[in-house]
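*Asks:* End of the sequence shown = 326 in our numbering, gap-free, step of one. The following block contains the structure, expressed as structure tokens.
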Amino acid sequence: MDSRTFIANKYVILEEIGRGNFGIVHKGEHVKSRMPVAIKMEPAASEYNTIKYEATILNYLYNNGCRVIPSVLWYGIYRDYKCLTMDYCDQTVQKYLQIAREKSAGSPFDYLKHVINIITNMVGIVAQVHKHQIIHRDIKPENFMIKGGELYIIDFGIASAVSNLEEIAREPSRETIIGSPKYISYFVHQGYEPMYRDDLISVGYCFFYFVLGSVPWTNISISLENNTQHGYQEIHVLHEKNQIRKKWKEWKNIEKILDSISKTYIEPDSAKYTPPPGREAPAEKISPDFKKLFMNIFEYFALCYNMQLDERPFYEELCQVLQKVV
1 MDSRTFIANK YVILEEIGRG NFGIVHKGEH VKSRMPVAIK MEPAASEYNT
51 IKYEATILNY LYNNGCRVIP SVLWYGIYRD YKCLTMDYCD QTVQKYLQIA
101 REKSAGSPFD YLKHVINIIT NMVGIVAQVH KHQIIHRDIK PENFMIKGGE
151 LYIIDFGIAS AVSNLEEIAR EPSRETIIGS PKYISYFVHQ GYEPMYRDDL
201 ISVGYCFFYF VLGSVPWTNI SISLENNTQH GYQEIHVLHE KNQIRKKWKE
251 WKNIEKILDS ISKTYIEPDS AKYTPPPGRE APAEKISPDF KKLFMNIFEY
301 FALCYNMQLD ERPFYEELCQ VLQKVV
């Protein structure tokens, strides 16, 4: 696509900023106002209707008062592409926390407070989406962006609407993964339909990424022979990688991971850090609130893991649990 391509005679493409299974995302701008926009494109001949579906979900949410999402500016066919033009969010959560980490280099607890605040805001945003019976199903750090100091959730291409909880299958029946394997919940690995609890569990997994730089089950090496032998594709719940991820995400292992992370902050020998140039290390390196903070995260996970498939979460309670120390 030419860098000076005009969409609907209103928007010009500036640069590619993302690429996925279903299409390409460009940064663009309004020709007259120069307002930055995000432009999603997928081939018109594609068997998928991801972009049209996303536009429908976004319009439904926006028209019902949800303001934690990008608004749809234009949707239609341009040349051989389906195009969705939306508000542009200029900062990733990862970049925001990277800046916060640099500013908090002399105080690990301060950085963790930033992380907890982001996680709490993510829960609040998910609550607003769930209020309208929409399950996002692809919660991960990349799908939260910042614009004007406010947090937004993006990418509703695989979101689903829940019209009747009584019709949801009570037993695991799905054979394929919906969402990003690193961040889907333990229950989705089991074959359950993604529901409200699963979006919230995925938010919890984002905590690991923000604190560790990756989720604990990132680097998984397997023998491809075993999987091709059984005919399992990577999106199949029985693919060996997904079985390993499921094992990692069992409740007992989540407990162990949290315990391990907390010790790196709480135990004096492992909590040492080097202050940035020009700053002195504070006399009190270990805050007594560290342990409470990790107990709060533990409680958050426990509440989410104990939710029933068709349960509507108590979002305020989850936010209060996270904010006990912060």
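For every residue, glycine included, the Cβ atom is placed at its ideal position computed from N, Cα and C.
Mind checking residue 40: buried by the 16 CB within 10 Å criterion, or exposed?
*Replies:* As a working mapping, residue 40 is identified with position 40 in the sequence shown. Residue 40 comes out buried.
*Asks:* Does the separation of the CB atoms of residue 325 and residue 293 fall below 8 angstroms?
*Replies:* Numbered from 1 along the sequence shown, position 325 holds the residue referred to as residue 325. Numbered from 1 along the sequence shown, position 293 holds the residue referred to as residue 293. Cβ distance < 8 angstroms, so residue 325 and residue 293 count as in contact.
*Asks:* Output needed for residue 172: all residues of its chain with C-beta closer than 7 angstroms, excluding positions within five of it in sequence on either side, in chain order.
*Replies:* For the purposes of this step, residue 172 is taken as the residue at position 172 of the sequence shown. Around residue 172: 190, 191, 192.
*Asks:* Would you report the Cα separation of residue 72 and residue 63, rounded to the nearest angstrom?
*Replies:* For the purposes of this step, residue 72 is taken as the residue at position 72 of the sequence shown. For the purposes of this step, residue 63 is taken as the residue at position 63 of the sequence shown. Distance between the alpha carbons of residue 72 and residue 63: 11 angstroms.
*Asks:* On the three-state DSSP scale, how would you describe residue 183?
*Replies:* Taking the first residue of the sequence shown as 1, we reach residue 183 at position 183. Here residue 183 sits in coil by DSSP.
*Asks:* Who are the Cβ neighbours of residue 282 in its own chain at under 6 angstroms, not counting the five residues just before and after it?
*Replies:* Position 282 of the sequence shown, counted from the first residue, corresponds to residue 282. The predicted position of residue 282 is uncertain, since its pLDDT is 45 and thus under 50; a value taken from the coordinates is nonetheless stated next. Correct list: empty, nothing qualifies.
*Asks:* Quick check: the Cα distance between residue 125 and residue 238, rounded to an integer number of angstroms?
*Replies:* The residue labelled residue 125 in the question sits at position 125 within the sequence shown. The residue labelled residue 238 in the question sits at position 238 within the sequence shown. Each residue's alpha carbon lies about 32 angstroms from the other.
*Asks:* Tell whether a beta-carbon distance below 8 angstroms holds between residue 38 and residue 88.
*Replies:* Taking the sequence shown and counting its residues from 1, the one referred to as residue 38 is at position 38. Taking the sequence shown and counting its residues from 1, the one referred to as residue 88 is at position 88. A contact, by the Cβ cut-off of 8 angstroms.
*Asks:* Closest to residue 184 by CA distance: which of 243, 212, 146, 165 is it?
*Replies:* Residue 184 sits at position 184 when you count from the first residue of the sequence shown. For the residues 243, 212, 146, 165, the minimum Cα distance to residue 184 belongs to 243.
*Asks:* Starting from residue 160, follow its DSSP beta bridges and name the residues at the other end.
*Replies:* Counting from 1 along the sequence shown, the entry for residue 160 is found at position 160. The partner list for residue 160 (beta bridge, DSSP) reads 135.
*Asks:* With DSSP collapsed to three states, give me the class of residue 30.
*Replies:* Within the sequence shown, numbered from 1, the residue matching residue 30 stands at position 30. DSSP places residue 30 in strand when its eight states are reduced to three.
*Asks:* Indicate the three-state DSSP secondary structure (helix, strand or coil) for residue 236 in the structure shown.
*Replies:* As a position in the sequence shown, residue 236 is number 236, starting the count at 1. Strand.
*Asks:* Indicate whether residue 119 and residue 93 have their beta-carbon atoms separated by less than 8 angstroms.
*Replies:* Position 119 of the sequence shown, counting from 1, holds the residue named residue 119. Position 93 of the sequence shown, counting from 1, holds the residue named residue 93. Cβ distance not < 8 angstroms, so residue 119 and residue 93 don't count as in contact.
*Asks:* Would residue 329 and residue 196 qualify as a contact pair, given that the criterion is a beta-carbon distance under 8 angstroms?
*Replies:* As displayed, the chain neither begins before 1 nor continues past 326, which places residue 329 out of reach and without an answer.
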